[in-house]
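Structure first, commentary second.
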Amino acid sequence: MSVANKNLKYLRKLRGLTQDEFASKLSIKRSLLGAYEEGRAEPRLEVLETVCDLFKLTLDEILRKDLSEHTDNYLAKRRALKLSDTSAKIPFVPVKAAAGYLNGYADHEFIDELNTFTLPMVTGGNYRAFEISGDSMLPTPSGSIIVGEKVEAMDHVKNNTACIVVSKNDGIVYKRIQKNGKAKSKLMLLSDNPTFQPYSISSEDVVEMWEAQFIISKTNTMQSWNVGQLVNIVADLQQEVAGMKKKIN
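By UniProt numbering, the letter at position 168 of the sequence shown is numbered 168, and the numbering carries on one by one without gaps.
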């Protein structure tokens, strides 16, 4: 077993993560992480780079140094990082900046002008926060802030994952993603609020996608369902059930 394999297992246990939780952070399958930890496979470079980002290590350290034998040095380094202002700065895109973001999302100077904040649970990775408006994702209320992690490859996103989708035609929307295995050029966007119909967009129109990790909303915000809308939903469902019964009979 290589030093890197041992370090992966050591770091996971040090953080108190299950294999499922750690594999999710690394965007790999749990079975592959198990193979790494048991020495049945060598960790890929991109996986090790992600681990380095999460734990503030260098590739040289994770590849050459048995961290379990240098616990004092490693923990001292972690304490020093906590004392220094090294928390991940999360750029915040308010609703009023949404239009400008479509033109400046790839402009470092524009991003640098955005206000930033930190979260104690965010120690690495590429994160961005977006303010949402509207009722399409109820019970998540309008005005909530969605903190998302950058999606680098569409293959990493599972169906029904809530994401901030930035596209050329629709702008910034917060929806659940449904991929079509047969038509990879299309994405179906679904709302949590059933009164909003799903719709599809072209994958080529998507310029950025951020997988939702945290939701920040005011504690005194109460969202109530419109009774009339709920009645219509029930009526539609009853009609669909009646239609299915007729087909069966």
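Even glycine gets a Cβ: it sits at the ideal position worked out from N, Cα and C.
{"Check": "For Glu61 and Gly148, the rounded distance between their alpha carbons", "Outcome": "29 angstroms"}
{"Check": "Which listed residue (Ala4, Lys13, Leu57, Tyr10) has its alpha carbon closest to that of Glu42", "Outcome": "Ala4"}
{"Check": "Buried versus exposed, by CB contacts within 10 Å (16 or more), Leu83", "Outcome": "Because Leu83 sits at a pLDDT of 49, beneath the cut-off of 50, its placement in the model cannot be relied upon, and the following sentence gives the value as read from the coordinates. Leu83 is exposed by the Cβ-count criterion."}
{"Check": "Cβ contact (3+ pairs, closer than 8 angstroms) linking the segment 23 to 33 and the segment 48 to 55", "Outcome": "yes"}
{"Check": "Proximity to Ile145 [Cα-Cα], best of Gly125, Lys168, Gly104, Val173", "Outcome": "Val173"}
{"Check": "For Gly148, the three-state DSSP class (helix, strand or coil)", "Outcome": "strand"}
{"Check": "Candidates Arg40, Glu21, Ala242, Ser31: closest to Lys6 by CA position", "Outcome": "Arg40"}
{"Check": "Residues of its chain near Glu37, where Cβ-Cβ distance is below 7 angstroms and the 5 sequence neighbours each way are ignored", "Outcome": "Asn5, Leu8, Lys9"}
{"Check": "Proximity to Gly125 [Cα-Cα], best of Glu131, Thr58, Leu114, Lys89", "Outcome": "Lys89"}
{"Check": "Leu187 vs Ile164 beta-carbon contact at 8 angstroms", "Outcome": "no"}
{"Check": "Helix, strand or coil at Thr161 according to DSSP, with G and I counted as helix", "Outcome": "strand"}
{"Check": "Residues bridged to Arg12 [DSSP beta-bridge criterion]", "Outcome": "Bridge partners of Arg12: none, in fact."}
{"Check": "Range of the contiguous alpha helix (DSSP H) that encloses Val122", "Outcome": "That residue, Val122, is in no alpha helix (DSSP H); it is neither H nor E in DSSP."}
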